[in-house]
Amino acid sequence: EKRKFDRFTVQGEMEGKIVFATVIDIRDISLGGTCFLITKRLHPRTRCFINLRQQDIKLNLKGTVTRSVFKGTKKMNSDLLRSTLRYVVPGILKVKKTDIDFLPVYEVAVEFDQMTEETRTSLQNIINYLKKCNGSSNS
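Here the sequence shown is numbered in the numbering used here, starting from -7 and rising by one per residue.
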């Protein structure tokens, strides 16, 4: 096999982390953080990146998990679940139609950090839009 770059065998220990993408159900949000539901457990003090999109505004936020609590299970359509799992781990996971119908649901709280003024202003614009849509000043 012809490679562009040589590969080297790792001698000793080396660790890595894989970043996964999944849709989250945002429950509430402020300039300080957010609370959302997710089907993967995130441990407290874990760093995470959240991509938000509201109309024309796209934000990439950084934060730290402050709380992660199991809330129950969510019934998933088996076909949707299979396509979701194949998206997360392409070509590796084989799921039969009857294997999984339920996924765990966790409520996760994240505190935002390392926010620029531009990001803070954009997040405030999203919050203002949500307030306007809800017809209230807060949730």
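For each residue, glycine too, the CB sits at the ideal point set by N, CA and C.
Sufficient close CB pairs (3 or more, under 8 Å) joining the stretch 107 to 124 to the stretch 30 to 37: The stretch 30 to 37 and the stretch 107 to 124 do not touch, with fewer than three beta-carbon pairs separated by less than 8 Å.
Where the beta strand (DSSP E) through LYS67 begins and ends: First-last of the beta strand (DSSP E) with LYS67: 49 to 67.
9 Å Cβ cutoff met for VAL102 and ILE42: A contact, by the Cβ cut-off of 9 Å.
Exposure label - LEU23; buried when at least 16 CB within 10 Å: Classification of LEU23: exposed, given that the 10 Å Cβ count is below 16.
Own chain partners of ASP17 with C-beta closer than 8 Å, once the 5 adjacent residues on each side are dropped: Within the same chain, PHE28, LEU29 and ILE30 come within 8 Å of ASP17 by CB-CB distance, once the 5 residues on both sides are set aside.
DSSP-derived helix/strand/coil call for GLN46: Of the three classes helix, strand and coil, the one that applies to GLN46 here is strand, per DSSP.
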